[in-house]
Structure formats: C-alpha cells, structure tokens
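Asker: The structure under discussion is supplied below as structure tokens; questions concerning it will follow.
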Amino acid sequence: MFAKAFRVKSNTAIKGSDRRKLRADVTAAFPTLGTDQVSELIPGKEDLNIVKLYAHKGDAVTVYMSGGNPILFELEKNLYPTVYTLWSYPDLLPTFTTWPLVLEKLVGGADLMLPGLVVPPAGLPQVQKGDLCAIALVGNRAPMAIGVATMSTVEMLTSGLKGRGFSVLHTFQDHLWRSGDKSSPPSIVPLVPDPADLNEEKVDPALQGDLRALTLEGEEMENGEVHQAHGEKSPPEASEDTSVRTLSQDSKDSKPLQEQMDELLQQCFLHALKCRVKKADLPLLTSTLLGSHMFSCCPEGQQLDIKKSSYKKHMQQEQIIQVKELSKGVESIVSVDWKHPRKGSTLEGREVRTIIIDYAKKNDLVDANNKNLVKLDPILSDCILEKNEQHTVTKLPWDCLLSRCLEKLQPAYQMTFPGKDPVVKKGKIYPIDITLAQRAYNKKVTVVRNLETYGLDPSSVAAILQQRCQASTTVTPAPGAKDSLQVQIQGNQVHHLSQLLLEEYRLPRKHIQGLENAPKPGKKK
Numbered sequence: 001m002f003a004k005a006f007r008v009k010s011n012t013a014i015k016g017s018d019r020r021k022l023r024a025d026v027t028a029a030f031p032t033l034g035t036d037q038v039s040e041l042i043p044g045k046e047d048l049n050i051v052k053l054y055a056h057k058g059d060a061v062t063v064y065m066s067g068g069n070p071i072l073f074e075l076e077k078n079l080y081p082t083v084y085t086l087w088s089y090p091d092l093l094p095t096f097t098t099w100p101l102v103l104e105k106l107v108g109g110a111d112l113m114l115p116g117l118v119v120p121p122a123g124l125p126q127v128q129k130g131d132l133c134a135i136a137l138v139g140n141r142a143p144m145a146i147g148v149a150t151m152s153t154v155e156m157l158t159s160g161l162k163g164r165g166f167s168v169l170h171t172f173q174d175h176l177w178r179s180g181d182k183s184s185p186p187s188i189v190p191l192v193p194d195p196a197d198l199n200e201e202k203v204d205p206a207l208q209g210d211l212r213a214l215t216l217e218g219e220e221m222e223n224g225e226v227h228q229a230h231g232e233k234s235p236p237e238a239s240e241d242t243s244v245r246t247l248s249q250d251s252k253d254s255k256p257l258q259e260q261m262d263e264l265l266q267q268c269f270l271h272a273l274k275c276r277v278k279k280a281d282l283p284l285l286t287s288t289l290l291g292s293h294m295f296s297c298c299p300e301g302q303q304l305d306i307k308k309s310s311y312k313k314h315m316q317q318e319q320i321i322q323v324k325e326l327s328k329g330v331e332s333i334v335s336v337d338w339k340h341p342r343k344g345s346t347l348e349g350r351e352v353r354t355i356i357i358d359y360a361k362k363n364d365l366v367d368a369n370n371k372n373l374v375k376l377d378p379i380l381s382d383c384i385l386e387k388n389e390q391h392t393v394t395k396l397p398w399d400c401l402l403s404r405c406l407e408k409l410q411p412a413y414q415m416t417f418p419g420k421d422p423v424v425k426k427g428k429i430y431p432i433d434i435t436l437a438q439r440a441y442n443k444k445v446t447v448v449r450n451l452e453t454y455g456l457d458p459s460s461v462a463a464i465l466q467q468r469c470q471a472s473t474t475v476t477p478a479p480g481a482k483d484s485l486q487v488q489i490q491g492n493q494v495h496h497l498s499q500l501l502l503e504e505y506r507l508p509r510k511h512i513q514g515l516e517n518a519p520k521p522g523k524k525k
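So in the working numbering, spot 422 of the sequence shown is number 422, and the numbers just go up one at a time.
Laid out in structure tokens, this is it:
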C-alpha cells in the first residue's frame, strides 16, 4: 500500500476528544494491550498528530503520528499498527516468519506467498481468514511487515503451503516507514527455548499442538487424541539424525563395543552414500569409500575402527549396495540402490529435536557468544545446506537449524485405535471436510469427506445421521479422491455432525474442517 509515495491532504494536532476516542479504538482493536501500554502508545500530553493522505492507488488513509513516527494508520475504519509500534510490542499480532531475501519483494509491493514461509518447530500460528498478522524474518522476531491473512492456518496447511498467504499492507523501508525517523528494527531473539531445556518434557505440548505443515510432518492418533509424529527414517538420512556417543567399554551405553562401532560405521556409511558418493564414481573401491569418504564423515572426537566392526557383513546385508571382486583380492562397489525403501520406526518431533540438540551440545557447536546460534560442522553442513550455501553459511539460529533438519524426513502419520495395532501411513493427514452445497430447487445439502482416514465407515455414519436428522442420506465416490467415499445429507446438518464427531467419536476439533457452517440459532436449515 505504501510501496510508492503518497499524497498528504492534511496534518493537524489531535483534539482531546479524538485522543480519548483513539485510545478506546486501540483497546478494542488490540485487546492484548494493557491499560498502561495503551497509555504509553497514545500518551496523554505529548504531541499527537492526525495525517490524512491518499495512497498511490487512491486509498484514503488516516495516519497517527507520535514523537515524529507513524504509530497507527486507519483504512476503511480498520486500525493497523506500524512497524514502529510493533517493534515496541512484538507480540501484539500473530507472527509468521519468512526469509530475509523475501523482504525486498514485500517492500516493492508484493504479497507474501505461502512457499516463502518458514515453519518453526512449534508450527504456524493459528489464524483465521482476514486476521491481521505480523511478518518477521528468520533470526529476528522484530516484525518487518504487516498483512491480512487470505486464508486460515488450516487452509494454508491443507493447501500444502501453496498460493498467496497474506495481503501485505505496510513494510519496513516503505514510504510510511520513511515518514518517521527511519530507524532500523531492533534485534529481538526468536521465541526458542533455551537449548539446555529443549529436550525436557515441558516443551512437548508445543509439538503436539496444532496441525503442522512441515514437509516432514505427521501425527499419531490414539484414543481420540492426535500426537505429532514425524516421517520414517530413510537409510541415507539416518546419519543426520543419529546421536553421537563416545565409544568405549566404560560408556554408559551397555551395548558391546562391536555393536557401538557398527552403529557408528553405519552412520558414516550412509552419510557418505547420501552426501559424497555420486553415480559417476561407480565402480568405487571399498577402500576408497572408507578412506576418502567415510572417515571424513566421522563425528569429531570419534574414530572408525574396522577391526572392531562387522564391516563387510554390514556393507551388503541390507542390499543397499552390491560389491564385486573386479580384480583378484580387490573389492569394488558396482551399484547403489538409490531408491532403497525407507525402513525404521517413525520419529516424533521431540525425538528429532533432542537428537539434534544433543549432537550440537556434545560436539560443542553452540556459539559461545550467542547461545541462539549453532555452528555448522561438516556433517550438519552436508545435511542441511544447499550447494550455494556450503561456503557462506557457517551458523544458523536454533529454529532454522531444527526446521531444516526436520525437512529431511518424509511425511507420515500414525493412527491408533482401541484394540488395534498402530497403523503408519505415508503422506500428510487431511482433516474431515464438511461443506454445504446447493442442489436442485435451491436445496442445501451437507457433504462430508475424509471419514475413512479417521477409521470411520461412511456408510455407518450415513445411517446414524439419517436416523438422527430424519433426512435422506447418500454415499457416493468422492470427486478427485481415489478409493474414498463422501456422505451427503439433505439440509444443513453440521450441528448433528459436530455432536457425533466431537462428543461421541471424540475427534480433536482441529482435525475437522467446516464446523463453522452450522446454522445459527433461529435460522432455518
């Protein structure tokens, strides 16, 4: 809105009555602000000016100036804070995070697209369509822009984080910011728990809260509750997620020394295949793999000892590689199954975080001058950095490091029902979707999809609803979904569905989409 110069119509000192009204409007618009904070933002005696202007597209805007800085602006009777205000009250609005390079686009007038979001370990803030939000950059919680959400958080997640996410109204470095003292944003540490506390049980609820949309995300549902669970470990990525131990007979690990060495060997072996060996390198001498690739993947402070491991047995036991003796007494790797199926159990978010945090602490990677930064050793660099970052990025904030590590996992979720074994499924979990549709003669129908995902039989649900609603129901194939059915009930039956799904089946509300479509009291269905 302020990407280009605006035209000022008037600039006048505020009247006493208008000052009081502005305080009341601020209190109503931002209820999280306390009385003292409102008085601080709208001072009683200091100069406060009202600037009326026209934005470059013709929008009539009222700006409130205090201490030489724009603190609020009003557009179509809606009140918005400026970045100057948000720097003093960074928690005033739900905050989403993007990359520093994106800011230049926002300043130029672009809206924020969902692929540009950085998803923190605790997930995205919960907002509804039309909510006012702040936009910050990775590594600094100071808001750099404000915008209006074009969809709810649930819709963002179900879209796969694609499309336009926020209509940006105002940014740092735009012309509204330039009308103030042009001060730079403060450095506000992101809300990441102290590294020493991250692996404690008290942070678990953050991982088990709202449905996440990380590409690695998954969830586990047990007895009506859904818990966060992350994707299956693939063999090449196991090295990135394996905690490091000192190998000795005196180790607290009760495993035999050979078994410990085998685990370290597997870590280095898989890491070498994942990050160092290319198809063009084949055939590759096993001695070259060991000497040129695997040794360099060994964590600092540890050393591979082939004599203490079952090296040759391990090399082929999982059929990841094929080894042949191309010349007498000399073995070479002739092929690698790059599409080797993923194995192993699922990893919950807290497990992944604990592994990464333990690795960073045990290898002294936490920056001594800034505990919020982690130094990247060769293993972490190979795991999470892009090729163009290998020689330029040496440290990352905790939230960025954890997010990148989690992105190496595949989507999966686990469903557990009473009396049945857990079922792990690949991909992300979609909510039960309830929509209203118009049919012939302007009749409304309620359509329910994705019941099977939560172990519900569409035919059984249809029979129950038919009896309770005293309305006709049909079960038909869901459009665009393979092997999935949808239930259609005559009339607006969202209220009955809400009772059935929430109270009887005890499904978490966050996994049901469309409950807001229930008829209002006194209205006909």
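All residues carry an ideal CB built from backbone N, CA and C; glycine is no exception.
The model shown is predicted, which means the values in this text are computed figures rather than measured ones.
(1) Would you say A280 and H293 are within 8 Å of each other, going by their C-beta atoms?
(2) How is S459 classed by DSSP in three states: helix, strand or coil?
(3) Less than 8 Å separating the beta-carbons of L112 and G147?
(4) Could you tell me whether the Cβ atoms of T394 and S332 are closer together than 8 Å?
(5) Hey, how far is the Cα of R404 from the Cα of I384?
(6) Can you look up C133 in the DSSP assignment and give me helix, strand or coil?
(7) Please check the pair V487 and G514, which I expect to be a contact at CB under 8 Å, by giving their CB distance rounded to whole angstroms.
(8) Between which two residues does the beta strand (DSSP E) carrying E503 extend?
(9) With DSSP as the reference, label K510 as helix, strand or coil.
(10) Just tell me which of V63, E386, K371 has its CA closest to the CA of L176.
(11) Could you check what DSSP says for D111 in three-state terms: helix, strand or coil?
(12) Using DSSP's beta-bridge definition, name the partner residues of M151.
(13) Between I379 and W338, what straight-line distance do the alpha-carbon atoms span, to the nearest angstrom?
(14) Determine the direct distance from the alpha carbon of A28 to that of R506, and round the result to whole angstroms.
(15) Tell me which residues share the same chain as K426 and place their Cβ nearer than 6 Å to its Cβ, disregarding the 5 neighbours each side in the sequence.
(16) Quick one: is T32 buried, meaning 16 or more other Cβ sit within 10 Å of its Cβ, or exposed?
(17) Could you give the residue range of the beta strand (DSSP E) that holds S187?
(18) Which of helix, strand or coil does DSSP assign to P70?
(19) Helix, strand or coil for G16 per DSSP?
(20) State the beta-bridge partners of S327 as determined by DSSP.
(21) From this set, A518, L117, I135, which residue's C-alpha is nearest G160's C-alpha?
(22) To which residues does DSSP link H170 through a beta bridge?
(23) Which term fits P269, buried or exposed, when burial requires 16 or more other beta carbons within 10 angstroms of its beta carbon?
(24) Assuming L103 contacts L137 under a Cβ cut-off of 8 Å, what Cβ separation, rounded to an integer in Å, is found between them?
(25) Identify every residue that forms a DSSP beta bridge with K443.
(26) Just to confirm my understanding: we take T12, look at its own chain, exclude 5 residues before and 5 after, and list those with CB closer than 7 Å. What are they?
(27) How is V118 classed by DSSP in three states: helix, strand or coil?
(28) With DSSP collapsed to three states, give me the class of I356.
(29) Would you be able to state if there are at least three C-beta pairs under 8 Å between the region 415-430 and the region 472-481?
(30) Quick test of your reading: K444 and L451, contact by CB under 8 Å. State the CB separation rounded to the nearest angstrom.
(31) Helix, strand or coil: which one does DSSP assign to P43?
(32) CA-CA distance, E348 and V189?
(33) I need the boundaries of the beta strand (DSSP E) containing P81, first residue and last residue.
(34) Classify L406 as buried or exposed, calling it buried when 16 or more other Cβ atoms lie within 10 Å of its own Cβ.
(35) Compare the C-alpha of V448 against each of V119, P418, Q260, S498 and name the closest.
(36) For my contact list, L396 and L365 are in at a C-beta cut-off of 8 Å; report their separation, rounded to the angstrom.
Answerer: If we stick to the structure as given:
(1) Within the sequence shown, the letter at position 280 stands for residue 280. Within the sequence shown, the letter at position 293 stands for residue 293. The answer is no: Cβ separation not under 8 Å.
(2) As a first step, residue 459 must be located in the sequence shown, where it is residue number 459. Here DSSP, grouped into helix, strand and coil, assigns S459 to helix.
(3) As a working mapping, residue 112 is identified with position 112 in the sequence shown. As a working mapping, residue 147 is identified with position 147 in the sequence shown. Yes.
(4) The residue labelled residue 394 in the question sits at position 394 within the sequence shown. The residue labelled residue 332 in the question sits at position 332 within the sequence shown. Judged by their CB atoms, T394 and S332 are not nearer to each other than the 8 Å cut-off.
(5) Indexing the sequence shown from 1 puts residue 404 at position 404. Indexing the sequence shown from 1 puts residue 384 at position 384. So the two alpha carbons sit approximately 6 Å from each other.
(6) For the purposes of this step, residue 133 is identified with residue 133 of the sequence shown, where counting begins at 1. C133: strand per DSSP, three-state reduction.
(7) Translated into positions along the sequence shown, residue 487 becomes position 487. Translated into positions along the sequence shown, residue 514 becomes position 514. That pair is no contact at about 13 Å.
(8) Numbered from 1 along the sequence shown, position 503 holds the residue referred to as residue 503. Per DSSP, E503 is not a residue of any beta strand (DSSP E), being assigned neither H nor E.
(9) Working through the sequence shown from its first residue, we reach residue 510 at position 510. Three-state result, K510: helix.
(10) Taking the first residue of the sequence shown as 1, we reach residue 176 at position 176. Selected option, being the one with the closest Cα: V63.
(11) Position 111 of the sequence shown, counting from 1, holds the residue named residue 111. Coil.
(12) In the sequence shown, the residue the question calls residue 151 occupies position 151. Its beta-bridge partners do not exist; DSSP assigns none.
(13) Looking up residue 379 in the sequence shown gives position 379. Looking up residue 338 in the sequence shown gives position 338. Computed Cα separation, rounded: 20 Å.
(14) As a working mapping, residue 506 is identified with position 506 in the sequence shown. As a working mapping, residue 28 is identified with position 28 in the sequence shown. If you draw a straight line from the Cα of R506 to the Cα of A28, it comes to about 35 Å.
(15) By one-based count along the sequence shown, residue 426 stands at place 426. Listed in chain order, the non-local C-beta contacts of K426 below 6 Å within the same chain comprise A412, local neighbours out to five positions each way being set aside.
(16) Counted from its first residue, the sequence shown places residue 32 at position 32. Its Cβ having fewer than 16 others within 10 Å, T32 is exposed.
(17) Translated into the one-based positions of the sequence shown, residue 187 becomes position 187. Here S187 belongs to no beta strand (DSSP E), and DSSP marks it neither H nor E.
(18) Position 70 of the sequence shown, counted from the first residue, corresponds to residue 70. The three-state secondary structure of P70, taken from DSSP, is strand.
(19) Here residue 16 is taken as the residue at index 16 of the sequence shown, counted from 1. G16 falls in the helix class under three-state DSSP.
(20) Position 327 of the sequence shown holds residue 327. In the DSSP output, where bridge partners are listed per residue, S327 has V330.
(21) Locating residue 160 in the sequence shown gives position 160, counting from the first residue. Ranking the options by Cα distance to G160, first place goes to L117.
(22) Along the sequence shown, one-based indexing puts residue 170 at 170. Answer is I146, bridged to H170.
(23) Locating residue 269 in the sequence shown gives position 269, where the first residue counts as 1. The sequence given here places Phe at residue 269; Pro does not occur at that position. The residue in question, F269, is buried, as its Cβ has 16 or more Cβ neighbours within 10 Å.
(24) On the sequence shown, position 103 is the one that residue 103 refers to. On the sequence shown, position 137 is the one that residue 137 refers to. Indeed, because the Cβ distance is near 6 Å, the residues count as touching under 8 Å.
(25) The residue you call residue 443 lines up with position 443 of the sequence shown. The partner list for K443 (beta bridge, DSSP) reads R439.
(26) In the sequence shown, residue 12 corresponds to position 12, counting from 1. Closer than 7 Å at the Cβ level, and outside the excluded window around T12, lie N49, I50.
(27) As a first step, residue 118 is located in the sequence shown; it is residue number 118 there, counting from the start. Reduced to three states, the DSSP call for V118 is strand.
(28) Reading the sequence shown from its first residue, position 356 is the one you call residue 356. Helix at I356.
(29) Taking 8 Å as the limit for Cβ pairs, the verdict is that the region 415-430 does not touch the region 472-481.
(30) In the sequence shown, the residue the question calls residue 444 occupies position 444. In the sequence shown, the residue the question calls residue 451 occupies position 451. Cβ atoms of K444 and L451 stay farther apart than 8 Å, at about 20 Å.
(31) The residue given as residue 43 occupies position 43 in the sequence shown. In the structure shown, P43 sits in coil (DSSP, three-state: anything other than H, G, I, E or B).
(32) Walking along the sequence shown from the start, residue 348 turns up at place 348. Walking along the sequence shown from the start, residue 189 turns up at place 189. Rounded to the nearest angstrom, the two C-alpha atoms are 26 Å apart.
(33) Residue mapping note: residue 81 aligns to position 81 of the sequence shown, counting from 1. Note, P81: beta strand (DSSP E), 78-81.
(34) Within the sequence shown, numbered from 1, the residue matching residue 406 stands at position 406. So L406 ends up on the buried side.
(35) The residue labelled residue 448 in the question sits at position 448 within the sequence shown. The closest CA to that of V448, considering only V119, P418, Q260, S498, is found on S498.
(36) Within the sequence shown, numbered from 1, the residue matching residue 396 stands at position 396. Within the sequence shown, numbered from 1, the residue matching residue 365 stands at position 365. No, L396 and L365 are not in contact; Cβ-Cβ is about 10 Å, not under 8 Å.
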